[in-house]
Ligand SMILES: NC(=O)c1ccc[n+]([C@@H]2O[C@H](COP(=O)([O-])OP(=O)(O)OC[C@H]3O[C@@H](n4cnc5c(N)ncnc54)[C@H](OP(=O)(O)O)[C@@H]3O)[C@@H](O)[C@H]2O)c1
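Residue numbers (this note's numbering): 5 to 242.
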């Protein structure tokens, strides 16, 4: 489907998993979608730009490339993320700082670059992919949970800074989603998590994409600073 004025939608970590589902969903609506990939190449049929969110230079280069080729970003989905799970007593400092550097600082770097032209245009949507874990905590994920809580505070600070410029900032908080990130979960742990999910199943990446697309749509123009759970009820009350 083509749009008269397609929006420039940039999905970080859009080469697989949740990011890829989000990218495909916007593309099917006629938006001009760019995905970043850190390793490998762009997925078939999508425009790609190489970017490592842990490097300011790489983020600067990627945004410069996007802006020169396609124009400034209208919708940023800060999705790139990693896990380095382990109990806190045994967690190497590097596993803590690597996750912060990717999930939180990387999201800040991406948002900072996207916001600048949005301020001039007086419109824009920034959507951070958080996690239910950012509100509930999760044993063995002190690093990851800290980043996902951090995204909430950061998003709300930005919502206050740039609300008057017509830019919204929101966090989507998925529960367990079937992707590479959760593929290695041991079966007993999987079953344990399943008992905590009222809907009794893990989420599909497409179910996350549907909510992201709504938050980027005109219908969500008055939603900012929100945390929107897509977790099958797992995080209720948090
Ligand atoms: N799966 C879940 O259950 C779940 C639940 C809640 C929240 N989330 C969040 O959803 C987001 C996507 O997760 P996913 O399950 O789709 O994970 P995934 O399948 O492991 O994909 C992660 C994506 O992030 C990219 N990435 C990682 N480090 C990067 C870096 N330094 N620079 C740029 N890109 C980087 C990866 O690129 P490469 O392919 O190049 O490595 C990949 O595209 C993450 O923020 C995650 O925390 C996932």
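Virtual Cβ for every residue (Gly too), placed ideally from N, Cα, C.
Since this is a predicted model, take the numbers as computed values, not measurements.
Are residue i and residue j close, meaning C-beta to C-beta below 9 Å?
i	j	result
residue 82	residue 130	yes
residue 176	residue 212	yes
residue 20	residue 184	yes
residue 206	residue 170	no
residue 128	residue 58	no
residue 151	residue 163	no
residue 54	residue 32	no
residue 93	residue 238	no
residue 217	residue 62	no
residue 24	residue 74	no
residue 70	residue 38	yes
Where does residue i sit, in a helix, a strand or coil, going by DSSP?
i	result
residue 226	coil
residue 206	coil
residue 103	helix
residue 221	coil
residue 189	coil
residue 119	helix
residue 24	helix
By how many angstroms is the C-alpha of residue j removed from the C-alpha of residue i?
i	j	result
residue 102	residue 208	27 Å
residue 235	residue 43	29 Å
residue 66	residue 224	28 Å
residue 155	residue 48	30 Å
residue 137	residue 144	11 Å
residue 149	residue 158	14 Å
residue 230	residue 174	5 Å
residue 142	residue 8	45 Å
residue 95	residue 197	22 Å
residue 60	residue 85	16 Å
residue 121	residue 77	8 Å
residue 195	residue 186	13 Å
residue 105	residue 64	16 Å
residue 27	residue 72	20 Å
residue 233	residue 91	26 Å
residue 14	residue 115	11 Å
residue 147	residue 99	8 Å
residue 191	residue 240	24 Å
residue 68	residue 18	18 Å
residue 161	residue 107	17 Å
residue 219	residue 97	35 Å
residue 167	residue 227	10 Å
residue 189	residue 79	32 Å
residue 222	residue 34	15 Å
residue 165	residue 132	16 Å
On the DSSP bridge assignment, give the partners of residue i in chain order.
i	result
residue 176	133, 232
residue 82	132
residue 14	38, 80
residue 53	40
residue 171	128
residue 181	207
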